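What follows is a short report on a single structure.
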């Protein structure tokens, strides 16, 4: 076993023990959920994965992941329950121990009550996250791009045929430039060595949401922002002609549902459910409803995914 794998194994054991001891709301796996009769979906409002729709004085929960997890709960014969979270505490609500990525490694925080059974809000599979949680089979493509206002002197790069070269070119362009980023999310500047580029990385105060990044640059909080694929597609539709994609900051990424490491049966049940809705067309209908333009950019992903 490599040193890196050994460290990950030890970290997973530490988190498991801490969760069992420190959380009064301990619940392990599929049978517990069936006995409880409720599947608790932890989510952070983000893009069209989890969002609130205003209907008069009421707010209705909507989104790709909301519909997928509601369908999963129904397939298990249990009720659906939504548990709101923020990027800074979403992992803690699942595992019973907060965890953050800092200085290029995972930092474990205080023990907290477990509040849910899975996280689903377009969660990007990142190496550091796999140290503390397990992921389902992936079901949505992603990646992080640099997006700027149209009036910025930053210009979209010409693809070099290599994403590594494209990333390098983008990083050279942002030296001395204001770039908005968001810690504890897939837009965390530490994940992409942004501080080494010479860019003026701006971290917003408070609990900023991913879907607030473009409005921030529109208000001149920064010239540009990191933004992932899903939010970029929505932003291009919402602000046509007002923003432009400069180029990639990350390699291609994937999104999936997150589970506690001690919930293998629940994870496997979800993978089976995901496979079934891909085969019967339900999944494609949901993606077309919430992200119709994704097929233009990632048609190969969905053709390949339909075969799984």
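In the working numbering, the protein residues as written are 877 to 1184. Note that CB positions come from ideal geometry on N, CA and C, so glycine has one too. From a predicted model like this one, the values you see are computed outputs, not experimental measurements.
Query	Result
Same chain, Cβ closer than 8 Å to residue 1000, neighbours up to 5 away in sequence not counted	1018, 1062, 1104, 1129, 1130 and 1131
Residue 1000 - partner residues in DSSP beta bridges	1131
Own chain residues within Cβ distance below 8 Å of residue 1054, not counting five before or after	1075, 1076, 1078, 1098, 1099 and 1100
C-alpha gap between residue 946 and residue 1027, whole angstroms	42 Å
Rounded distance between the beta-carbons of residue 1134 and residue 994, thought under 8 Å	6 Å
As assigned by DSSP and simplified to three states, the class of residue 935	strand
Per DSSP, cross-strand counterpart(s) of residue 916	957
CB contact flag (residue 1110, residue 996, <9 Å)	no
Rounded separation between residue 902 and residue 953 - CA only	Residue confidence is low: residue 902 scores 46 on pLDDT, short of 50, so the model does not pin down where it sits. No coordinate-derived value is stated.
Three-way DSSP call (helix, strand, coil) for residue 1102 in this model	strand
Coil, strand or helix - residue 1175 by DSSP	helix
For residue 1043 and residue 960, the rounded distance between their alpha carbons	34 Å
Three-state secondary structure (DSSP) of residue 990	coil
Cβ distance (whole Å) where residue 988 is taken to contact residue 1008 below 8 Å	In fact, because the Cβ distance is near 13 Å, the residues do not count as touching under 8 Å.
Range covered by the beta strand (DSSP E) that runs through residue 1058	Per DSSP, residue 1058 belongs to no beta strand (DSSP E) and is neither H nor E.
Per-residue burial, residue 1179 [other beta carbons within 10 Å of its own, 16 or more giving buried]	exposed
Cβ-Cβ separation, residue 992 to residue 916 (assumed contact under 8 Å), whole Å	4 Å
heavy atom of the ligand FAD below 8 Å from residue 1149 C-beta	Judged by which ligands are present, the structure shown has none, so any question about the ligand FAD falls away.
Contacting residues, own chain, Cβ-Cβ under 7 Å from residue 986 (five flanking each side not counted)	974
Straight-line gap, residue 1006 to residue 966 (C-alpha atoms, nearest Å)	14 Å
Distance CB(residue 971)-CB(residue 990) smaller than 9 Å	yes
For residue 1078, the residue or residues it bridges with in DSSP	1056
Own chain, CB closer than 7 Å to residue 906, minus 5 neighbours either side, in chain order	1141, 1142 and 1145
Among 1056, 964 and 1037, nearest to residue 851 - alpha-carbon criterion	Since the first residue of the chain shown is 877 and the last is 1184, residue 851 is not available in this structure.
Residue 1012 vs residue 1162 beta-carbon contact at 9 Å	no
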